Structure formats: structure tokens, C-alpha cells
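Residue numbers (this note's numbering), protein chains in the order written: chain A, 1 to 242; chain B, 1 to 242.
Note that CB positions come from ideal geometry on N, CA and C, so glycine has one too.
These figures come from a predicted structure and were not determined experimentally.
What follows is a short report on a single structure.
There are 2 protein chains.
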Amino acid sequence: MAGSNVRLYVDHPLGQGQPVPLTRDQAHYLFGVMRLQDGDALAVFNGRDGEWRATVTERGKRGGTLTAEAQSAPQLDPPDLWLLFAPIKKARTDFIVEKAAEMGAARIMPVQTEYTNAERIRRDRLQAHAIEAAEQCGGTYVPPVDELRKIDAILDDWPPDRRLIFCDEALAGARHALADQQENGKWAILIGPEGGFSPAERDRLCSSPFVSQISLGPRILRADTAVVAALALWQSLLGDWK
Amino acid sequence: MAGSNVRLYVDHPLGQGQPVPLTRDQAHYLFGVMRLQDGDALAVFNGRDGEWRATVTERGKRGGTLTAEAQSAPQLDPPDLWLLFAPIKKARTDFIVEKAAEMGAARIMPVQTEYTNAERIRRDRLQAHAIEAAEQCGGTYVPPVDELRKIDAILDDWPPDRRLIFCDEALAGARHALADQQENGKWAILIGPEGGFSPAERDRLCSSPFVSQISLGPRILRADTAVVAALALWQSLLGDWK
Numbered sequence: 001m002a003g004s005n006v007r008l009y010v011d012h013p014l015g016q017g018q019p020v021p022l023t024r025d026q027a028h029y030l031f032g033v034m035r036l037q038d039g040d041a042l043a044v045f046n047g048r049d050g051e052w053r054a055t056v057t058e059r060g061k062r063g064g065t066l067t068a069e070a071q072s073a074p075q076l077d078p079p080d081l082w083l084l085f086a087p088i089k090k091a092r093t094d095f096i097v098e099k100a101a102e103m104g105a106a107r108i109m110p111v112q113t114e115y116t117n118a119e120r121i122r123r124d125r126l127q128a129h130a131i132e133a134a135e136q137c138g139g140t141y142v143p144p145v146d147e148l149r150k151i152d153a154i155l156d157d158w159p160p161d162r163r164l165i166f167c168d169e170a171l172a173g174a175r176h177a178l179a180d181q182q183e184n185g186k187w188a189i190l191i192g193p194e195g196g197f198s199p200a201e202r203d204r205l206c207s208s209p210f211v212s213q214i215s216l217g218p219r220i221l222r223a224d225t226a227v228v229a230a231l232a233l234w235q236s237l238l239g240d241w242k
Numbered sequence: 001m002a003g004s005n006v007r008l009y010v011d012h013p014l015g016q017g018q019p020v021p022l023t024r025d026q027a028h029y030l031f032g033v034m035r036l037q038d039g040d041a042l043a044v045f046n047g048r049d050g051e052w053r054a055t056v057t058e059r060g061k062r063g064g065t066l067t068a069e070a071q072s073a074p075q076l077d078p079p080d081l082w083l084l085f086a087p088i089k090k091a092r093t094d095f096i097v098e099k100a101a102e103m104g105a106a107r108i109m110p111v112q113t114e115y116t117n118a119e120r121i122r123r124d125r126l127q128a129h130a131i132e133a134a135e136q137c138g139g140t141y142v143p144p145v146d147e148l149r150k151i152d153a154i155l156d157d158w159p160p161d162r163r164l165i166f167c168d169e170a171l172a173g174a175r176h177a178l179a180d181q182q183e184n185g186k187w188a189i190l191i192g193p194e195g196g197f198s199p200a201e202r203d204r205l206c207s208s209p210f211v212s213q214i215s216l217g218p219r220i221l222r223a224d225t226a227v228v229a230a231l232a233l234w235q236s237l238l239g240d241w242k
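In C-alpha cells form, the structure reads like this:
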């Protein structure tokens with residue numbers, strides 16, 4: 001009965017003695033790739049019940065069963081922060097989702113803007129990236145990835161009690177805009193496409209009462225860089241890095 | 001005489017009326033890929049003389065000449081911040097160098113630690129990534145990329161007036177460690193390999209008088225994520241994002 005460093009997300013309730021059926025892909029990963037044997041231990045989490053120590057109790061080529069034994073870490077939900085971003089090239093979009101999950105975004109929302117190249121996304125594939133990032137980073141929470149929506153539709157429905165931080169290349173004073181805020185509350189960060197926002201989008205954002213603007217310095221950042229930088233600033237000032 | 005959005009790094013002095021010879025690769029990029037014609041304008045920079053508007057004055061398959069006309073932006077050097085990182089998988093190492101250049105690191109130093117997988121790097125290839133990032137981000141500075149060196153050798157020679165920030169997964173209080181610092185001064189950030197530091201390395205770092213430790217939150221970040229997050233915190237508190 002060896003331990004392992006494997007961490008696996010399972011879409012199944014977890015509790016003491018709880019059997020957890022494996023999908024075909026999970027069985028392939030655990031038994032084909034990671035070579036786990038009967039009785040081997042691993043860590044599992046489902047995004048709401050914390051992390052559990054589980055052991056392999058049934059092993060097959062197309063499935064199998066784990067049994068949850070004891071909770072090894074409590075559920076740790078991230079702060080109430082949404083990340084909105086305009087999808088870019090495939091590899092960098094994958095990176096953005098991975099980084100957002102690692103950095104503790106609670107919800108990932110792809111947005112279509114006037115200058116967004118992508119007209120559609122593979123939501124299931126992006127969700128799989130978020131799961132993999134949670135497995136890798138030791139987290140117990142998996143941010144849901146929404147379907148792509150137009151920015152106008154998102155702003156039309158915007159909840160008035162949620163602040164939206166809009167990262168504007170033309171501004172200075174990133175830290176101060178956030179440092180003035182005393183409470184955690186509900187937040188969202190919007191990262192634009194590589195071509196920036198259109199004048200109409202910029203006007204709408206700047207005139208919306210729930211929008212704050214911050215700057216990310218004197219160099220123009222790629223979208224994937226800006227995502228990590230903005231989340232780092234927010235987490236350190238208002239989030240769970242404090 | 002059309003303008004273009006092309007930005008090109010050239011390893012050549014820049015001044016009014018200065019002819020700038022092109023390498024074969026540069027000629028291929030400008031004339032083969034970007035399709036610039038005689039008289040077309042672009043932006044050039046050499047890392048020390050700011051950004052210049054230049055025009056194409058000679059075009060060939062294996063070379064050509066630009067002529068610098070007028071300075072279009074002043075030289076903007078980043079703060080005196082070094083980035084030390086342990087190389088990881090190729091694609092992520094490339095990303096780290098790209099991100100460090102975008103985020104305004106002044107010098108990029110690959111370090112070999114006990115748990116570093118890479119035993120060598122392609123310094124010239126990494127330097128090319130730093131140049132491409134500077135071209136892309138609108139910067140006028142290109143951080144030099146050093147050869148890979150062992151961490152012990154680097155620490156043996158460490159300049160005592162330069163603070164080294166060591167990002168430790170076990171710590172809390174990222175912001176406060178930096179926020180206490182009043183002056184800009186000379187700094188460096190060290191990001192470890194995915195496997196962390198060895199106990200001996202950790203002991204040495206923790207007992208070095210020039211070392212500060214910071215935390216990057218409760219989730220374990222990949223090395224490339226940690227690079228951007230640490231640079232963002234430093235830039236917003238002590239660097240040129242203030």
C-alpha cells in the first residue's frame with residue numbers, strides 16, 4: 001500500500017468509506033500512466049468537500065473504483081473574484097485558464113469584444129485545463145469556465161454590487177486604485193484582447209459606475225501576462241494572499 | 001511612404017540620418033514576412049538610444065538598409081531588478097524569459113539548483129525571446145540573459161548591497177515583506193524549480209543576510225506563474241508601476 005503524489009479531481013461526493021467510480025480517462029491516467037496498484041493511495045477532491053485520501057480498491061482498463069478514507073485538507077474556496085478575458089490564440093487561451101485557476105479566480109468568463117479574434121471557444125477543453133491546474137496547484141476548488149458571451153450582454157446584466165476592474169494601458173496608479181478599497185466584497189477583473197478595446201467599449205466601461213480602472217505599468221503586456229499580473233495585485237491587496 | 005506597426009530591435013547605434021544595416025533574418029522578416037516596401041516606416045530600438053522612426057532605404061533578399069530619422073520615444077530603462085529562475089521544460093522556460101522581459105526585469109539569470117532538471121540552456125535562443133518580447137511590448141530595453149550558473153556560485157559572489165527576494169511556498173505575508181521597504185535600491189527575485197529547493201539550499205538562503213522571503217499565496221504556483229506574480233508585486237510596490 002504505497003502512497004503517491006497523485007491528485008485527482010472527481011465529480012462525485014466524498015466522505016469516509018465513500019466508493020468513487022472512475023471514468024475511462026481517469027482509469028487510463030491512474031493505472032496506465034501513473035501505474036497505481038491495488039491499495040495505492042492518492043489524493044482526490046471534488047471542488048466542495050476538501051481533499052481526501054483515497055485508495056485504489058478496483059482496477060480495470062476502462063474504469064475502476066477508489067475508496068475515500070479520510071479528509072486530508074479542508075475545502076479552501078478562493079475569494080469572490082471573477083476573471084473576464086477575451087480569448088486569443090489557442091495556446092495562450094489555455095494558459096490564461098490555467099493561470100486563472102492557479103491564481104485563485106472563482107469563475108472564468110470568456111468574453112467576446114469587438115477586437116476579439118475568437119468567435120467560439122471549446123468550453124469543455126478550457127474546463128479540463130482548469131481542472132488540471134487545480135490538481136497541479138494543490139487547490140481544492142475548480143473555477144467554472146463559462147461559455148463565450150458578448151461583452152455588451154455581460155455588461156447589460158452586470159450585478160451592481162460587484163466591482164469590475166478594467167486594466168487600462170493608458171493609466172497609471174494600479175496599486176492605489178485597489179489600495180483604497182477596504183472590504184473584500186465581490187470583484188471581477190477584465191483583461192482585454194491584444195488589440196485593446198474599441199472606442200465604444202472603452203466609453204461604456206469608463207462610464208459604468210461599477211468599473212474601476214487600473215494600470216499595469218509602462219510596458220504593454222500580452223493578455224496572458226496581464227491576467228497573472230492583475231490577479232497577483234488583487235490577491236495581495238484584497239484577496240487571500242494578504 | 002506608408003507607416004507600419006513593426007518594431008525591430010537592432011544591434012546598431014541610432015541617431016538622425018544613421019544608416020542601419022539589416023541582417024539576413026531581419027531582411028527576411030521585414031521584406032518577406034511583413035512585406036515592407038522602399039520608403040515604408042517602422043520603429044527601431046537598440047536598447048540604449050530610445051525608439052527611432054526609420055524608413056526602408058535599401059531592400060534585398062539577404063540584407064538591406066534602414067535609415068533612422070527621428071527619435072519617437074525616449075529610452076526607458078527598467079528598475080534595477082534581476083530575475084533568477086531555475087529552467088524547467090523548454091516551452092515554459094521560453095515563457096519565463098518572455099514574461100520577465102515584458103514585466104520589466106533588468107537582467108535574467110538562469111540558475112541551476114539541486115532539483116533543476118535542465119543542465120544546460122540555449123542562451124542565444126532565450127536572448128532572442130527577450131528581444132521579441134521587447135519588440136512586442138513597446139519597450140526600448142532588452143534584458144540580457146546570462147549563461148546558466150549554479151546557485152551556490154551565484155550566492156558566493158552575491159553583491160551585499162542587493163536584496164534577494166526568495167519566493168517561499170511555506171510563508172504568508174507577501175505584501176508586507178515588500179511594503180516595509182522604503183527605497184528602490186538594487187533587488188533580485190529568485191523563483192525555484194517545480195520541485196522546490198533542497199534543504200541545504202533553503203538553509204543557505206534563509207540564513208543569508210541579503211535574503212527576504214515572501215509568499216505567493218495558499219496555492220502552489222507553477223514557476224512561470226510565480227515569475228509574473230512576483231514581478232507584478234515588486235513592480236507595483238517598489239518598481240515603475242508605482
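Point to revise | Contact set between B/Leu-216 and chain A, taken where Cβ atoms lie within less than 8 Å | key: Residues of chain A whose Cβ lies closer than 8 Å to the Cβ of B/Leu-216 are, in chain order, Ala-232, Trp-241.
Point to revise | Contacting residues, own chain, Cβ-Cβ under 6 Å from A/Arg-175 (five flanking each side not counted) | key: With a pLDDT of 49 at A/Arg-175, under the threshold of 50, the predicted position of this residue should be treated as unreliable, though the coordinate-derived value follows. There are no such residues.
**Study point:** Residue closest to A/Glu-147, alpha-carbon to alpha-carbon, out of A/Phe-31, A/Gly-50, A/Cys-167, A/Phe-85
**Key:** Nearest to A/Glu-147 by alpha-carbon distance, out of A/Phe-31, A/Gly-50, A/Cys-167, A/Phe-85, is A/Phe-85.
Exercise for review: Would you mind telling me which residues of chain B sit closer than 7 Å to A/Gly-192, beta carbon to beta carbon, in chain order?
Suggested key: Annotation: A/Gly-192 has no Cβ neighbours in chain B at a cutoff of 7 Å; minimum Cβ distance is about 15 Å.
Practice item. Can you grab the Cα-Cα spacing for the pair B/Val-44 / B/Val-20, in whole Å? Key: A direct Cα-to-Cα measurement between B/Val-44 and B/Val-20 gives close to 10 Å.
Exercise for review: Excluding the 5 residues preceding and the 5 following B/Asp-60 in the sequence, name in chain order all residues of the same chain whose CB lies nearer than 7 Å to its CB.
Suggested key: The sequence as given places Gly at residue 60 of chain B; Asp does not occur at that position. Taken in chain order, the residues that qualify are Ala-27.
Practice item. Would you identify the three-state DSSP class for A/Ser-4, choosing helix, strand or coil? Key: A/Ser-4: coil per DSSP, three-state reduction.
Review point. Is B/Arg-48 close to chain A, meaning its C-beta is less than 8 Å from at least one C-beta of that chain?
Key: No, B/Arg-48 does not count as interfacial toward chain A.
Exercise for review: Using a Cβ cut-off of 8 Å (strictly closer), state whether B/Lys-186 contacts chain A.
Suggested key: Not one chain A Cβ lies under 8 Å of B/Lys-186.
Practice item. Please report how far the alpha carbon of A/Ile-154 lies from the alpha carbon of B/Gln-127, in whole angstroms. Key: If I take the Cα positions, the gap works out to 41 Å.
**Study point:** Any C-beta of chain A under 8 Å from that of B/Cys-137
**Key:** Interface with chain A (8 Å Cβ-Cβ cutoff): B/Cys-137 is included.
**Study point:** Simplified DSSP state of A/Gly-64, which is helix, strand or coil
**Key:** Under the three-state reduction of DSSP, A/Gly-64 is assigned to strand.
Exercise for review: Spell out whether any CB of chain A is found under 8 Å from the CB atom of B/Val-44.
Suggested key: So no, B/Val-44 is outside the interface.
Review point. Taking only beta-carbon atoms, is B/Leu-221 less than 8 Å away from chain A?
Key: Chain A, which has a Cβ nearer than 8 Å to the Cβ of B/Leu-221, makes this yes.
**Study point:** First and last residue of the uninterrupted beta strand (DSSP E) at B/Val-111
**Key:** That run of the beta strand (DSSP E) goes 107 to 112.
Point to revise | Any C-beta of chain A under 8 Å from that of B/Thr-113 | key: For B/Thr-113, the answer is no, since every Cβ of chain A falls outside 8 Å of its Cβ.
**Study point:** Residue-chain proximity (B/Lys-89, chain A), Cβ-Cβ < 8 Å
**Key:** Not closer than 8 Å to any Cβ of chain A, the Cβ of B/Lys-89 fails to qualify, so no.
Practice item. Name the residue from B/Tyr-29, B/Ala-91, B/Tyr-115 whose alpha carbon lies nearest to the alpha carbon of B/Pro-193. Key: Among B/Tyr-29, B/Ala-91, B/Tyr-115, the Cα nearest to that of B/Pro-193 is on B/Tyr-115.
Point to revise | Within-8 Å CB hit, A/Glu-132 to chain B | key: Under the Cβ distance rule, A/Glu-132 does not count among the residues neighbouring chain B, no pair being separated by less than 8 Å.
Check your understanding: When you compare only the Cα positions, how much space is there between B/Ile-151 and B/Phe-95?
Key -> Just so you know, the alpha carbons of B/Ile-151 and B/Phe-95 end up roughly 21 Å apart.
Practice item. Could you tell me which uninterrupted alpha helix (DSSP H) segments, each at least 4 residues in length, are contained entirely in the region 145 to 170 of chain A, listed from first to last along the chain? Key: Counting whole runs of 4 or more residues, the region 145 to 170 of chain A contains the alpha helix (DSSP H) stretches 151 to 156.
Practice item. Compute the beta-carbon to beta-carbon distance between B/Leu-81 and B/Gly-239, rounded to the nearest angstrom, for a pair I have assumed lies under 8 Å. Key: Contact holds; Cβ gap of about 6 Å.
Practice item. Return no unless some Cβ of chain B is closer than 8 Å to the Cβ of A/Ala-86. Key: False, the Cβ-Cβ gap to chain B never drops below 8 Å.
Review point. Is any beta-carbon of chain B found at less than 8 Å from that of A/Ala-229?
Key: Yes, A/Ala-229 lies at the interface with chain B (some Cβ there is under 8 Å from its Cβ).
Practice item. Throw me the rounded Cβ distance for the A/Asp-40 and A/Val-56 pair, which I believe falls under 8 Å. Key: With a contact defined as Cβ atoms closer than 8 Å, A/Asp-40 and A/Val-56 qualify at about 5 Å.
Check your understanding: Count the other CB atoms within 10 Å of the CB of A/Gly-17; is the residue buried (16 or more) or exposed (fewer)?
Key -> When all chains shown are included, A/Gly-17 counts as exposed.
**Study point:** For B/Phe-85, the first and last residue of its enclosing beta strand (DSSP E)
**Key:** 81 to 85 is the extent of the beta strand (DSSP E) around B/Phe-85.
Point to revise | Nonlocal neighbours in the same chain, by C-beta distance under 8 Å from A/Ser-4, ignoring five residues either side | key: So the qualifying residues of the chain are Met-34, Leu-36, Asp-40, Ala-41, Leu-42.
Practice item. Sort B/Ile-88, B/Asp-49, B/Pro-87, B/Leu-83 by Cα distance to B/Glu-69 and report the nearest one. Key: Of the candidates B/Ile-88, B/Asp-49, B/Pro-87, B/Leu-83, the one whose C-alpha sits nearest the C-alpha of B/Glu-69 is B/Asp-49.
Review point. Measuring CA to CA, which of A/Asn-46, A/Ala-230, A/Ala-223 is closest to A/Ala-91?
Key: If we check each option's Cα against that of A/Ala-91, A/Ala-223 comes out closest.
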